[in-house]
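Chemist: Residue numbering for the sequence shown is 29 to 423, as defined by this note's numbering.
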Amino acid sequence: MPLLTAEIKKFIAERKGVSAEELALQARKRPELPLAFVAQQVKGRSKIEKKLPLWFENEDALFPKSVSLEQCSSEVAARYKASLVEGERAIDLTGGFGVDSRFLCDRFKRVVHVERQVELLEVVSENAKAFGIDEQLECVQGDGLEALDQRSAEWDLIYVDPARRDARSLKVSALEDCEPNLLQCWDELLEKGKLVMAKLSPGLDITRGLEQLRQVFAVHVVSVDNECKEVLFMAKENWSSEARIHCVNMANSDCLDCFEFSFSEERSLEGAYGPLRRYLYEPNASVMKGGGYKSFSKKMAMPLIGQRSRFLSSDIRLESFPGRVFEILDTGNLSAKDAKALFPEKVANVLVRNCGMGAEELKKKLKLRDGGDHFAIGTTDWEDKRVLLKARRIS
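1. Which residue from S153, K368 and R179 puts its Cα closest to that of V127?
2. Between the beta-carbon of G400 and the beta-carbon of L390, is there less than 8 angstroms?
3. Which same chain residues, not among the five before or five after E355, have their C-beta less than 7 angstroms away from its C-beta?
4. For C167, which residues from the same chain have a beta carbon less than 6 angstroms from its beta carbon, with the 5 sequence-adjacent residues on both sides left out?
5. Using 8 angstroms as the cut-off, can you tell me whether the segment 167 to 176 makes contact with the segment 90 to 100, which would need three or more C-beta pairs spanning the two stretches below that distance?
6. Per DSSP, what kind of secondary structure is G237 in: helix, strand or coil?
7. Does the separation of the CB atoms of S102 and K75 fall below 8 angstroms?
8. Which residue comes first and which comes last in the beta strand (DSSP E) that contains M330?
9. Return the CA-CA distance between V188 and T122, expressed in angstroms with no decimal places.
10. Between A263 and L297, how many whole angstroms is the CB-CB distance? I'm expecting something under 8 angstroms.
11. According to DSSP, F261 sits in a beta bridge with which residue or residues?
12. So the beta strand (DSSP E) E143 belongs to, where does it begin and stop?
13. Let me confirm a value: Q212 is counted as buried when at least 16 other C-beta atoms fall within 10 Å, else exposed. Which label applies?
14. A158: which of A55, A271 and L82 sits nearest, CA to CA?
15. According to DSSP, is C100 helix, strand or coil?
16. Classify G172 as helix, strand or coil using the three-state DSSP reduction.
17. Determine the burial state of E163: buried for a count of at least 16 other Cβ atoms within 10 Å of its Cβ, exposed for fewer.
18. Looking only at DSSP bridge pairs, what is Y309 linked to?
19. Rounded to whole angstroms, what is the Cα-Cα separation between A202 and A279?
20. My output table needs one value for G320: the three-state DSSP class, helix, strand or coil.
21. When DSSP builds the beta bridges, which residues end up paired with C213?
22. By DSSP, does V315 sit in helix, in strand, or in coil?
23. What is the DSSP secondary structure of F287, counted as helix, strand or coil?
24. Spatial neighbours of E143 within its chain, please: CB distance less than 6 angstroms, with the 5 preceding and 5 following residues excluded, ordered by chain position.
25. May I ask you to report which of helix, strand or coil DSSP gives V415?
26. Can you tell me whether S269 is buried or exposed, with buried defined as 16 or more other CB within 10 angstroms of its CB?
27. For the alpha helix (DSSP H) containing R73, name the first residue and the last one.
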């Protein structure tokens, strides 16, 4: 792999704002420059400005092929994961581009980063020098579980992020479909690590995962800007109590909203339900993924609009709510006739929750087009009746 020489850095820096394609054309006039490598660096840097600002700001940072950048953790999520752990020695069994390993170095004296792809590992090794952590981060080429078997030391943290694509490159979420298969190696991880952290798919059924993986003491559902990005399972040997579910919404490395519950607490609650009021509240993505709606309703001191609903409603306007807030302007039946009356211009932003159909299907049924300032919300009220709401988002 070519190195990011002073000449290459100068060539790139003098052409800020130039597209990767145009830069490639210009590089052809400089035969001494490695064309493909230069194009890869420009393309990579342009992709990660918001996702990985620390890498974007470091002129010595190297970038791999796009697929590795797409699959890596965001800087915000990686910082959050690192904040949960600390110790002497950590190992990342599925290293990738090294974002998680980079921030684990802030919390551990020694971090081992294991990666199968030779070229990707070279990028991580060079970036360790760029970040001044090359004496702290050990880069190992090979399989993570094999590297673990070859080392006798006990780890303060074993971190694993199983690949979530099958042989056809289709996304999977079930534990048994990921690589490595945690169902087969979980006991070994618990035996060799004081703490095990597994980054799992946002599509994972959390209750099913807790049934399959033993001694999990915490599940962190992590959203960034209200989009669920990661589900983290944390486990340790000899833990016998119930796991706590932490629902976290992040932005710019700040934890905007944090809510926690347990499934036993959720089951024990009767739940508070009530009719639609002036304001409609939709919890953030982490709360909805976590599933503790009755616990969340209790915390917010606000009733849900139905036993199967994710919406809460009140006549009181909360200035700070962990999610979206709508003002209900009018209501009707879930029919094309009422939609025509509520939205005479046939334009609205369609949102569905627990109404028996998807957004596209409802849009077609109601003969609506996307756009405008109003929301057409299809949902079920506390009498289990499907309703159509005309609303405007206020936060």
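Note that beta-carbon positions come from the ideal geometry of N, C-alpha and C, so glycine has one too.
Modeler: On the basis of the supplied data:
1. Position 99 of the sequence shown, counted from the start, is the residue given in the question as residue 127. When each option's Cα is compared against that of V127, the closest is S153.
2. Here residue 400 refers to the residue found at position 372 of the sequence shown. Here residue 390 refers to the residue found at position 362 of the sequence shown. Not closer than 8 angstroms, so no.
3. On the sequence shown, residue 355 is found 327 positions in, with the first residue counted as 1. Counting only Cβ-Cβ distances below 7 angstroms, and skipping sequence neighbours, we find R306, Y307, A419, R420 and I422.
4. Counted from its first residue, the sequence shown places residue 167 at position 139. H141, L149, V152 and S153, listed in sequence order.
5. The answer is no - the segment 90 to 100 does not touch the segment 167 to 176, with fewer than three Cβ pairs under 8 angstroms.
6. Against the sequence shown, residue 237 aligns to sequence position 209. DSSP, read as helix, strand or coil, puts G237 in helix.
7. Indexing the sequence shown from 1 puts residue 102 at position 74. Indexing the sequence shown from 1 puts residue 75 at position 47. The answer is no: Cβ separation not under 8 angstroms.
8. One-based indexing of the sequence shown puts residue 330 at position 302. Note, M330: premise wrong, no beta strand (DSSP E); not H, not E.
9. Counting from one through the sequence shown, the residue named residue 188 turns up at place 160. Counting from one through the sequence shown, the residue named residue 122 turns up at place 94. Taking the straight line from one Cα to the other gives about 6 angstroms.
10. Numbered from its first residue, the sequence shown carries residue 263 at position 235. Numbered from its first residue, the sequence shown carries residue 297 at position 269. With a Cβ gap of about 26 angstroms, A263 and L297 do not count as contacting.
11. The count along the sequence shown starts at 1 and reaches residue 261 at position 233. In the DSSP output, where bridge partners are listed per residue, F261 has A226 and V247.
12. Here the question's residue 143 lines up with position 115 in the sequence shown. In the DSSP assignment, E143 falls within the beta strand (DSSP E) that extends over F136 to E143.
13. Mapped onto the sequence shown, residue 212 falls at position 184. The C-beta of Q212 has fewer than 16 other C-beta atoms within 10 Å across all chains shown, which makes the residue exposed.
14. Here residue 158 is taken as the residue at index 130 of the sequence shown, counted from 1. Measuring from the Cα of A158, the nearest candidate turns out to be L82.
15. Numbered from 1 along the sequence shown, position 72 holds the residue referred to as residue 100. Residue state for C100 is assigned as coil, using DSSP reduced to three classes.
16. Taking the first residue of the sequence shown as position 1, residue 172 is located at position 144. Three-state DSSP puts G172 in a helix.
17. Translated into positions along the sequence shown, residue 163 becomes position 135. Exposed, since its Cβ has fewer than 16 Cβ neighbours within 10 Å.
18. Counted from its first residue, the sequence shown places residue 309 at position 281. For Y309, the beta-bridge partners assigned by DSSP are L340 and V353.
19. Reading the sequence shown from its first residue, position 174 is the one you call residue 202. Reading the sequence shown from its first residue, position 251 is the one you call residue 279. Cα to Cα, A202 sits roughly 28 angstroms from A279.
20. Position 292 of the sequence shown, counted from the first residue, corresponds to residue 320. G320 falls in the coil class under three-state DSSP.
21. Residue numbering aside, residue 213 sits at position 185 when the sequence shown is read from its first letter. Per DSSP, none; premise fails for C213.
22. For the purposes of this step, residue 315 is taken as residue 287 along the sequence shown, with counting starting at 1. Taken through DSSP and simplified to helix, strand or coil, V315 comes out as helix.
23. Within the sequence shown, residue 287 is the residue found at index 259, counting from 1. Strand at F287.
24. What you label residue 143 is simply residue 115 of the sequence shown in a count that begins at 1. Annotation for E143: G123 and L149 place their beta carbon closer than 6 angstroms to its own, counting only its chain and skipping 5 residues before and after.
25. Residue mapping note: residue 415 aligns to position 387 of the sequence shown, counting from 1. V415 falls in the strand class under three-state DSSP.
26. Against the sequence shown, residue 269 aligns to sequence position 241. It counts as exposed.
27. By one-based count along the sequence shown, residue 73 stands at place 45. Segment L63 to K75, the alpha helix (DSSP H) holding R73.
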